[in-house]
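Per our numbering, the sequence shown starts with residue 202, numbered consecutively.
The C-beta atom is built at its ideal place from N, Cα and C for all residues, glycine as well.
See below for the structure under consideration.
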Amino acid sequence: MRIQTKEDDQMNPKYKPLFEPFTFKSGVTIDNRITVAPMTHYASNEDGTISEAELDYIIPRSKEMGMVITACANVTPDGKAFPGQPAIHDDSNIPGLKKLAQAIQAQGAKAVVQIHHGGIECPSELVPQQEVVAPSDVFDDGKLIARALTDEEVENIVKAFGEATRRAIEAGFDGVEIHGANGYLIQQFYSPKTNQRTDRWGGSDEKRLAFPLAIVDEVKKAAAEHAKGAFLVGYRLSPEEPETPGLTMTETFTLVDALGDKELDYLHISLMDVNSKARRGADPTRTRMDLLNERVGNKVPLIAVGSIHSADDALAVIENGIPLVALGREILVDPDWTVKVKEGREKQIETVIKGTDKEKYHLPEPLWQAIVNTPGWVPYKD
Numbered sequence: 202m203r204i205q206t207k208e209d210d211q212m213n214p215k216y217k218p219l220f221e222p223f224t225f226k227s228g229v230t231i232d233n234r235i236t237v238a239p240m241t242h243y244a245s246n247e248d249g250t251i252s253e254a255e256l257d258y259i260i261p262r263s264k265e266m267g268m269v270i271t272a273c274a275n276v277t278p279d280g281k282a283f284p285g286q287p288a289i290h291d292d293s294n295i296p297g298l299k300k301l302a303q304a305i306q307a308q309g310a311k312a313v314v315q316i317h318h319g320g321i322e323c324p325s326e327l328v329p330q331q332e333v334v335a336p337s338d339v340f341d342d343g344k345l346i347a348r349a350l351t352d353e354e355v356e357n358i359v360k361a362f363g364e365a366t367r368r369a370i371e372a373g374f375d376g377v378e379i380h381g382a383n384g385y386l387i388q389q390f391y392s393p394k395t396n397q398r399t400d401r402w403g404g405s406d407e408k409r410l411a412f413p414l415a416i417v418d419e420v421k422k423a424a425a426e427h428a429k430g431a432f433l434v435g436y437r438l439s440p441e442e443p444e445t446p447g448l449t450m451t452e453t454f455t456l457v458d459a460l461g462d463k464e465l466d467y468l469h470i471s472l473m474d475v476n477s478k479a480r481r482g483a484d485p486t487r488t489r490m491d492l493l494n495e496r497v498g499n500k501v502p503l504i505a506v507g508s509i510h511s512a513d514d515a516l517a518v519i520e521n522g523i524p525l526v527a528l529g530r531e532i533l534v535d536p537d538w539t540v541k542v543k544e545g546r547e548k549q550i551e552t553v554i555k556g557t558d559k560e561k562y563h564l565p566e567p568l569w570q571a572i573v574n575t576p577g578w579v580p581y582k583d
């Protein structure tokens, strides 16, 4: 354990805005504006239950955080997109999830579980009968690689998100985040690239919105029915897709307008770079975060994420009118990021994972291997 010395100053006063409390519409209050972004760790047990490696990974990253959003948990067996993904599709998952929530809360942070279905992105070997499902049939070189969900199956997945919310409440989480980003099933239903349906779940912009909004309604309903106290519901979205056809800022504005009317606690904007600019459908000289905050920030608070490396980067986001920041890769590299800023040691924040110091990072072995073998994802040197 590190001993505080006289050379350690208190927090630099300019970073005080990062450590102001924030209360969501639901009544949940977090101690500061910094959140752990949801990151896949490949470390849950094969059956989706929570492993000791997972707890060892999350505990040091929960210290001095306002909120921790867990790795995405699949709401149905056919929604599993990663090996070692946590599951929330069965009541047998609740005891492990309870351990996860308590481990985070013991560090003083609020615990939020991200709920998810991978859709097209699910590897066939991870889903029952190797049957990958999607909004519409997907072919590769003439071979069907994902089949379209029936109307009844779509309804069942909507209900599964509600049941996942009930389990999160029973496990003691403070909230759920609906994973509507990164090309997974919810985004697949809204995208013209992946949804060619002509029923009530597709065929127009409005009908493509039906699935995301039905899930929000089901999750909110479950929270109202089962939560005994304040329980937050957030939604993560990706603002654009690079392909044509694909989502542009025009469709994103329509989405956030609709979500803004749903009394959500926050919208989490999934970006690799918080300062990235609009590509299509909006002023390309402006950042997506500015455009979205201008569009809907008066209705629902936004969380910014993506290349927020330093305390100054985080402060710039707050000063630009975004109330919350999330750290992903940054706290893989330095779990003490927030602790160091709070103690006036922001210049000591590490920016590269060192292979020679493997043990200090508390990274599960599969995640460590992913970092080592994926150059450019997380800064690493031997």
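- Inside the segment 518-579, DSSP marks whole alpha helix (DSSP H) runs of 4 or more residues at positions 530-534, 538-543 and 566-573, from first to last along the chain.
- For F412, the enclosing alpha helix (DSSP H) starts and ends at A411 to H427.
- Contact between the segment 551-569 and the segment 512-528 is not established, with fewer than three Cβ pairs separated by less than 8 Å.
- Assigned with DSSP and collapsed to three states, Q315 falls in strand.
- Of T230, K543, N521 and Y385, the smallest CA-CA separation from Q315 is found for Y385.
- Taken in chain order, the whole alpha helix (DSSP H) runs of length 4 or more contained in the segment 362-407 are 386-391.
- In the structure shown, K300 adopts helical secondary structure according to DSSP, grouped into three states.
- Cβ contact annotation for K408 (same chain, cutoff 7 Å, sequence separation greater than five): R401 and W402, in chain order.
- When Cβ pairs closer than 8 Å are counted between the two stretches, the segment 340-356 is seen not to touch the segment 287-303, the count staying below three.
- Per DSSP, I259 is one residue of the alpha helix (DSSP H) stretching across E253 to I259.
- R496 sits in a helix when the DSSP states are folded into three classes.
- If only uninterrupted alpha helix (DSSP H) runs of at least 4 residues are considered, those enclosed by the segment 427-481 are 450-461.
- When DSSP states are grouped into helix, strand and coil, R348 belongs to the strand group.
- With fewer than 16 other Cβ atoms inside 10 Å of its own Cβ, M473 counts as exposed.
- With contacts defined as CB atoms closer than 8 Å, A431 and G228 qualify as a contacting pair.
- Here I260 has A304 as same chain residues with Cβ atoms under 6 Å from its own Cβ, once five neighbours each way along the sequence are excluded.
- Per DSSP, the continuous beta strand (DSSP E) segment holding M268 begins and ends at M268 to I270.
- Taking C-beta atoms as the reference points, P440 and T453 count as a pair closer than 8 Å.
- With a 10 Å radius around the Cβ and a threshold of 16 neighbouring Cβ atoms, T395 comes out buried.
- The C-beta distance from V420 to F340 rounds to 32 Å, too long to meet the 8 Å contact threshold.
- Within the model, the alpha-carbon separation for N294 versus L414 is close to 26 Å.
- Contact annotation: the segment 498-505 touches the segment 450-466, with at least three C-beta pairs closer than 8 Å.
- Under DSSP, Y216 takes part in no beta bridge, so it has no partner.
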